[in-house]
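Q: Submitted below is the structure of interest, expressed as structure tokens.
There are 2 protein chains.
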Amino acid sequence: MASSETGPRRVTIDDVAEAAGVSRQTVSRALNDKGEIGVATKQRVLDAAQALGYRPSRFARGLVRQDTFSVGLVIPDLLNPFFTEVAAAALEAARALGWHVVVYDTGDRVEEERGTLEVVASQVDAVVGYLSLPEDEIVRLTRGLPVVLIDRKHHSERFSSILIDGEAGVHAAIRHLNRAGHRRIGMLDHAERSEPSVRHDWFDGAMTACGLDARAVARADQSVEGGEHGLHELLARHPDLTAVFMFNDIIAIGGLRAARRLGRQVPRDLAVIGFDGLRLGTLVEPPLTTVALDTRALGALAVEEAARLLTGSGPVRTDELTVGAELRLRESA
Amino acid sequence: MASSETGPRRVTIDDVAEAAGVSRQTVSRALNDKGEIGVATKQRVLDAAQALGYRPSRFARGLVRQDTFSVGLVIPDLLNPFFTEVAAAALEAARALGWHVVVYDTGDRVEEERGTLEVVASQVDAVVGYLSLPEDEIVRLTRGLPVVLIDRKHHSERFSSILIDGEAGVHAAIRHLNRAGHRRIGMLDHAERSEPSVRHDWFDGAMTACGLDARAVARADQSVEGGEHGLHELLARHPDLTAVFMFNDIIAIGGLRAARRLGRQVPRDLAVIGFDGLRLGTLVEPPLTTVALDTRALGALAVEEAARLLTGSGPVRTDELTVGAELRLRESA
DNA sequence: TTGAAAGCGATACCAT
DNA sequence: ATGGTATCGCTTTCAA
């Protein structure tokens, strides 16, 4: 027994050729259903391939027929319904283009994002992602690949961005609350970064436009539990609030639950408005009023833009790469 | 202007070598951070690569360093939370193995499943999927690839299966209802295939074991709306039911909504038990009692089994490829 | 530190 | 209908 056992060598097309007593081109023909081959020969080749357990190398094949593309989709958490919807849309758009999608879930960890970007370059032709690393690091890690950033501006030439413009939607939401008589409106912002979010800016602007005071703000983790916690805190500090605008639907759903526990009935005692427009919002009680994004468009645009970047077809107008948001009235406000 | 414009040729390593005035091995060294290269040379190469917009071919690279694996994950609908959870688990397991996952969403359409299987073979080293095509067709389309079927038995040598055993869990569920005084218990089965589901068999067995009549069964589409419809129908035919076991959580959530609309309070007027144990079930009102599957294990096992199949390491015991289910009491029953 | 040459495993083109 | 040969773009020896 050799001590340098090296594992079974890969079965190549040549092995099949030898076993079937033909040349490798003939094997190729048989396997790819090309014509120009005798029926008997073909069968013999197929049998040999089967017997040897032959599987063509996708790399060798890809090398010679340069006609398949894949995009890497990098997201923080597939179980977060927002990203589920974006991912589903990306898959659908990719299917339409005949592209393959390699999905990476970084579990909200920066090191995983870094690790992913490190390996992704050797697997795909372009990257689409909701990324949190500094841009120069992304530039370095993606070694020349086209990159499409979701909900984040870019600077590098190689990059592009799909942006979210929720300003009009948030204004509509606050106006809606104002008209319904709400004056003391708070916001639950996210707690990820140290600075307030862009959504908070929109909220601020909308409140100011209505002549309202926008200072009742607390922060929450991006999870149902985070929203629950956050609303408790917000209401502890501002018990007189009659309405709350939430950073997103996930947090809003946590808020709904917290309100119930606090004995505050929604929307009678407390109006709640979310952001994102997740399907999930229709399943909770009461159904969530929200500033709805077209997550489908978001995912689709991202993949399509990646394809555009790769083929070098000209730049598209920024507004075509921007997804708007509109107020969707349901029952929570 | 030549009328036979052929598009920009791909930038290869040789182009970079020429531009930098070095050999291509030197370029390779520079790009892969190998040592054995002068700092100045390295920088010159990197600059040239940058200037030319060079990106290494993943196929060429993969061909020579045969060290990366990918698995194709084929599911009917990523937006169905059950598959979201399975997919997330699969991604996590794959990450641990250093594998890449190419995801395909067939949108519940058989033709798409067929189309996917047709192209997937040239992209991955193994396939994991919740498939509905006849096995002989899958065998044919996947041309030699190892295949792991989720929630479905296999016959082919090349295949393996991850099975769900919910019998004990369903028995526990029915016993729980029985103990709580329920006697008239119905079931909402799925409507996909013509025959009753395996879960229906479990229900049947459990009811019989309790000495109860298991004939109140209706069918529902696998969606929230389907569950809503289905429960209406079931209660129309059997108005005296006091409890319902649902094919899965999605349908159960529809049932919850239907019950509310019918003015039946859950669990007081109607107890509801789902199947799957989705996180989603904790968000609805009331939180859903369910026969919970370990979807995490399901996805992870599938990917790990695919890896095992590929490396040819011996077969694993069937019970290690089976995911159990247990009754998770929440508030709907 | 750098370069030349030999593959990796398939397909395409051109003979026969 | 079948085979020979070049080729895809890169990394890995092995020399220099």
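Which chain is which? The protein sequence lines are A and B, in order. Positions 0 to 332 (numbering that gives the first Met the number 0) are the ones given, in order, by the first sequence. Positions 0 to 332 (numbering that gives the first Met the number 0) are the ones given, in order, by the second sequence. Cβ coordinates follow ideal geometry from the N, Cα and C atoms, glycine included. Predicted, not measured: the structure shown is a model, and the values here were computed from it.
(1) So the beta strand (DSSP E) L162(A) belongs to, where does it begin and stop?
(2) Would you identify the three-state DSSP class for R236(B), choosing helix, strand or coil?
(3) I'd like to know whether the C-beta of T67(B) is nearer than 8 Å to at least one C-beta of chain A.
(4) Of the choices S56(B), D66(B), E166(B), whose alpha-carbon is the least far from that of R142(A)?
(5) Starting from the N-terminal side, write out each stretch of the beta strand (DSSP E) that is 3 residues or longer and does not extend beyond the region 68-134 of chain A.
(6) Can you tell me which of the three DSSP states R295(B) falls into?
(7) Under a three-way DSSP split, which group does I36(A) fall into?
(8) What do you get for H154(B), buried or exposed, if any count of 16 or more other CB atoms within 10 angstroms of its CB means buried?
(9) Look at the alpha carbon of A324(B) and the alpha carbon of R256(B), and state the distance between them as a whole number of angstroms.
(10) Indicate the three-state DSSP secondary structure (helix, strand or coil) for A215(A) in the structure shown.
(11) Give the range of the alpha helix (DSSP H) segment to which D203(B) is assigned.
(12) Applying the 10 Å Cβ sphere with the 16-neighbour rule, what's the burial state of N79(B)?
(13) For Q268(A), report the span of its alpha helix (DSSP H) as first-last.
(14) At a CB distance below 8 Å, what residues from the region 131-147 of chain A approach chain B? Give them in sequence order.
(15) Check the Cβ of H99(A) against every Cβ in chain B and list those closer than 7 Å, keeping chain order.
(16) Applying the 10 Å Cβ sphere with the 16-neighbour rule, what's the burial state of S312(B)?
(17) Thinking I363(A) and L279(A) are a contact (beta carbons under 8 Å), I'd like their distance in whole angstroms, please.
(18) How big is the Cα-Cα spacing for L187(A) and A167(B)?
(19) Taking the Cβ atom as the reference point for each residue, do V101(A) and V85(A) lie within a distance shorter than 8 Å?
(20) With a cut-off of 8 Å on the beta carbons, I'd call D220(A) and D248(A) a contact; round off their distance for me.
(21) Enumerate in chain order the residues of its own chain whose CB-to-CB distance from H237(B) is below 6 Å, with the five nearest sequence positions on each side excluded.
(22) Within its chain, find whatever has a CB closer than 8 Å to the CB of V271(B); leave out the 5 residues flanking it on each side and keep chain order.
(23) Let me see if you follow: with CB-CB separation under 8 Å, is I250(B) close to chain A or not?
(24) Could you tell me which residues DSSP puts in a beta bridge with V147(B)?
(25) List the endpoints of the continuous beta strand (DSSP E) containing R64(B).
(26) How big is the Cα-Cα spacing for R43(A) and G37(A)?
(27) Give the interface partners of S159(A) over in chain B, defined as CB-CB distance under 7 Å, in chain order.
(28) With burial defined as no fewer than 16 other Cβ atoms inside 10 Å of the residue's Cβ, what is the status of A235(A): buried or exposed?
(29) According to DSSP, is A1(A) part of a helix, a strand, or is it coil?
(30) Please check if any C-beta of chain B sits within less than 8 Å of the C-beta of G356(A).
(31) Under 7 Å between beta-carbons, which chain B residues line up against T83(A)? List them in chain order, please.
(32) Since E17(B) is in the alpha helix (DSSP H), which residue starts that stretch and which ends it?
(33) Please list, in chain order, the residues of the region 279-302 of chain A that have any C-beta partner in chain B closer than 7 Å.
(34) What residues in the region 200-233 of chain B have a beta carbon less than 7 Å from any beta carbon of chain A?
(35) Where does K33(B) land, buried or exposed, given buried means 16+ other C-beta within 10 angstroms?
(36) Beta-carbon separation of A92(B) and A291(B) under 8 Å?
A: Reading it off the structure:
(1) On the first sequence, residue 162(A) is found 163 positions in, with the first residue counted as 1. DSSP places L162(A) inside the beta strand (DSSP E), whose first and last residues are 158-164.
(2) The residue you call residue 236(B) lines up with position 237 of the second sequence. Of the three classes helix, strand and coil, the one that applies to R236(B) here is helix, per DSSP.
(3) As a position in the second sequence, residue 67(B) is number 68, starting the count at 1. Chain A, which has a Cβ nearer than 8 Å to the Cβ of T67(B), makes this yes.
(4) Walking along the first sequence from the start, residue 142(A) turns up at place 143. With distances taken between Cα atoms, R142(A) lies closest to S56(B).
(5) Listed in chain order, they are 69-74, 99-104, 125-128.
(6) Translated into positions along the second sequence, residue 295(B) becomes position 296. Note: R295(B) maps to helix in three-state DSSP.
(7) For the purposes of this step, residue 36(A) is identified with residue 37 of the first sequence, where counting begins at 1. Coil.
(8) Position 155 of the second sequence, counting from 1, holds the residue named residue 154(B). Looking at its Cβ environment, which holds fewer than 16 other Cβ atoms inside 10 Å, H154(B) is exposed.
(9) The residue labelled residue 324(B) in the question sits at position 325 within the second sequence. The residue labelled residue 256(B) in the question sits at position 257 within the second sequence. Put simply, the backbone Cα of A324(B) is about 25 Å away from that of R256(B).
(10) Translated into the one-based positions of the first sequence, residue 215(A) becomes position 216. Three-state DSSP puts A215(A) in coil, outside helix and strand.
(11) As a first step, residue 203(B) must be located in the second sequence, where it is residue number 204. Start and end: 197-208.
(12) Numbered from 1 along the second sequence, position 80 holds the residue referred to as residue 79(B). Under a 10 Å Cβ-count criterion, N79(B) is classified as buried, with 16 or more other Cβ atoms of the shown protein chains found around its own Cβ.
(13) As a position in the first sequence, residue 268(A) is number 269, starting the count at 1. Checking the sequence, you will find Asp at residue 268(A) rather than Gln. Run containing D268(A): none; DSSP gives neither H nor E here.
(14) Taking 8 Å as the upper bound on Cβ-Cβ separation, chain B lies near residues R142, G143, L144 of the region 131-147 of chain A.
(15) Against the first sequence, residue 99(A) aligns to sequence position 100. Residues of chain B passing the Cβ test: V101, Q122.
(16) In the second sequence, counting from the first residue as 1, residue 312(B) sits at position 313. By the Cβ neighbour-count rule, S312(B) is exposed, with fewer than 16 other Cβ atoms within 10 Å of its own.
(17) Absent from the model: residue 363(A). The displayed extent of chain A is 0 to 332, so no value can be given.
(18) Your numbering for residue 187(A) matches position 188 in the first sequence. Your numbering for residue 167(B) matches position 168 in the second sequence. One C-alpha to the other measures close to 44 Å.
(19) Translated into the one-based positions of the first sequence, residue 101(A) becomes position 102. Translated into the one-based positions of the first sequence, residue 85(A) becomes position 86. No.
(20) Residue 220(A) sits at position 221 when you count from the first residue of the first sequence. Residue 248(A) sits at position 249 when you count from the first residue of the first sequence. Not confirmed; about 14 Å, so no contact.
(21) Your numbering for residue 237(B) matches position 238 in the second sequence. In chain order, G185, A215 place their CB closer than 6 Å to the CB of H237(B), counting only its own chain and leaving out the 5 sequence neighbours on each side.
(22) Along the second sequence, read from residue 1 onward, the residue named residue 271(B) stands at position 272. So the list reads A242, V243, M245, A251, G254, L255, A258, V265, L287, T288, S331, A332, once near-sequence residues are dropped.
(23) Against the second sequence, residue 250(B) aligns to sequence position 251. When Cβ-Cβ separations below 8 Å define contact, I250(B) makes no contact with chain A.
(24) Residue 147(B) sits at position 148 when you count from the first residue of the second sequence. Looking at the DSSP output, V147(B) sits in a beta bridge with V127(B), S159(B).
(25) Here residue 64(B) corresponds to residue number 65 of the second sequence, with the count starting at 1. That residue, R64(B), is in no beta strand (DSSP E); it is neither H nor E in DSSP.
(26) Here residue 43(A) refers to the residue found at position 44 when the first sequence is read from its first residue. Here residue 37(A) refers to the residue found at position 38 when the first sequence is read from its first residue. Roughly 10 Å between the two C-alpha positions.
(27) By 1-based counting over the first sequence, the position of residue 159(A) is 160. Residues of chain B with a Cβ closer than 7 Å to the Cβ of S159(A) do not exist; the shortest Cβ-Cβ separation is about 15 Å.
(28) The residue labelled residue 235(A) in the question sits at position 236 within the first sequence. Result: exposed.
(29) To locate residue 1(A), count along the first sequence from 1; it is residue 2. In this prediction, A1(A) has a pLDDT of 35, which is less than 50 and means its spatial position is unreliable; what the coordinates show is noted afterwards. Note: A1(A) maps to coil in three-state DSSP.
(30) Shown here, chain A extends from 0 to 332; a query on residue 356(A) therefore has no answer.
(31) If you number the first sequence from 1, residue 83(A) lands on position 84. Result: L77, L78, T83.
(32) Counted from its first residue, the second sequence places residue 17(B) at position 18. Counting along the chain, the alpha helix (DSSP H) containing E17(B) begins and ends at 12-19.
(33) From the region 279-302 of chain A, only L282, V283, E284 have a Cβ closer than 7 Å to chain B.
(34) Taken in chain order, the members of the region 200-233 of chain B whose beta-carbon sits within less than 7 Å of a beta-carbon on chain A are V223.
(35) For this step, residue 33(B) is matched to residue 34 along the second sequence. K33(B) counts as exposed, since fewer than 16 other C-beta atoms from the protein chains shown sit within 10 angstroms of its C-beta.
(36) Here residue 92(B) is taken as the residue at index 93 of the second sequence, counted from 1. Here residue 291(B) is taken as the residue at index 292 of the second sequence, counted from 1. No, they are not a contact pair.
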